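S.K.: Our numbering numbers the first residue of the sequence shown as 11 and each following residue consecutively. Even for Gly, the Cβ is constructed at its ideal location relative to N, Cα and C. Fair warning: this is a prediction, and the values are worked out from it, not measured in the lab.
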Amino acid sequence: MTYFIKEIYYTLQGEGAHSGRAAVICRFAGCNLWSGYEDDRSKAICNFCDTNFVDNIRRFAKNEVDILADTIATLWPWNTIGGSPYVICTGGEPLLQLDKPLCDALHANGFEIGVETNGTILINSKIDIDWLCVSPKANTTLLLISGNELKLIYPQKNAMPELFVDLSFTHFFLQPMDGPDQAINIQSTTTYCLKHPKWKLSLQLHKIVGIS
Ligand code: SF4
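(1) Under the criterion of a Cβ to heavy atom distance below 8 Å, does C59 qualify as lining the ligand SF4?
(2) Only counting the same chain, and skipping five residues up and downstream in sequence, which positions put a Cβ closer than 8 Å to that of E103?
(3) How many angstroms separate the CA atom of K72 from the CA atom of L116?
(4) Name the two residues that bound the continuous beta strand (DSSP E) containing L162.
(5) Looking at the strands, I want to know which residues DSSP matches up with Y96.
(6) What I want to know is whether the C-beta of L132 ends up closer than 8 Å to one or more non-hydrogen atoms of the ligand SF4.
(7) I'd like to check one pair, I163 with F58: are the Cβ atoms closer than 9 Å?
(8) When the Cα atoms are used, what is the spatial distance from D76 to N119?
(9) Of the choices Y20, N89 and S135, whose alpha-carbon is the least far from that of D109?
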């Protein structure tokens, strides 16, 4: 068995409740809703992905889990005062790969663990994570229906906010879909949040300030 990792880097979280918070991003390769190849995009279940999670993959064997955790930990600025070490496991779909040994190794390194998932894969009950962000996708079966944060890309035909507003999350974010209609989507998302105050606007801060 192997962990397939697209990239690991230190940045500011750009989206949702932890927006602006320093974090190490661990981006896993692979997703169950799209192969990641442009030729497959039109027939993918999720076809608006803005993330490359297929090229230049690093591989860590399962018995190299401590090396992977150390690689993540090395990026945190330990010599500063304050702040709480935070790693965001994202993808791709991180729940295809995230397991107990890696969570244990990250916790042992002092990290809080956040997970950003499309919500279609149940979390192994042995896995201990600290923050769950679910981002539902249209035409999928949502299995993770509770957590810290629901972040819905808007608009999505067949995945409108009304379908999710009664789920058991602490925060409800609506994030304008990127792409050629971004300006229109920002406007419509803003309008929706103004009319439905349970939803908060999430902008992709990292794109606005020009960091990855
Ligand atoms: S579910 Fe997420 S990672 Fe997978 S294709 Fe869609 S946006 Fe990309």
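M.R.: Inspection of the coordinates gives the following:
(1) Counting from one through the sequence shown, the residue named residue 59 turns up at place 49. Within the cutoff, so yes.
(2) Within the sequence shown, residue 103 is the residue found at index 93, counting from 1. Cβ within range, chain order: F38, G40, C41, N42, L43, T127, N128, T130 and I131.
(3) Here residue 72 corresponds to residue number 62 of the sequence shown, with the count starting at 1. Here residue 116 corresponds to residue number 106 of the sequence shown, with the count starting at 1. One C-alpha to the other measures close to 14 Å.
(4) The count along the sequence shown starts at 1 and reaches residue 162 at position 152. Note, L162: beta strand (DSSP E), S156 to Y164.
(5) As a position in the sequence shown, residue 96 is number 86, starting the count at 1. Answer is E122, bridged to Y96.
(6) Along the sequence shown, one-based indexing puts residue 132 at 122. L132: no, Cβ never under 8 Å from the ligand SF4.
(7) Position 48 of the sequence shown, counted from the start, is the residue given in the question as residue 58. Position 153 of the sequence shown, counted from the start, is the residue given in the question as residue 163. In contact: F58 and I163 (Cβ atoms closer than 9 Å).
(8) As a first step, residue 76 is located in the sequence shown; it is residue number 66 there, counting from the start. As a first step, residue 119 is located in the sequence shown; it is residue number 109 there, counting from the start. Computed Cα separation, rounded: 10 Å.
(9) Numbered from its first residue, the sequence shown carries residue 109 at position 99. Of the candidates Y20, N89 and S135, the one whose C-alpha sits nearest the C-alpha of D109 is S135.
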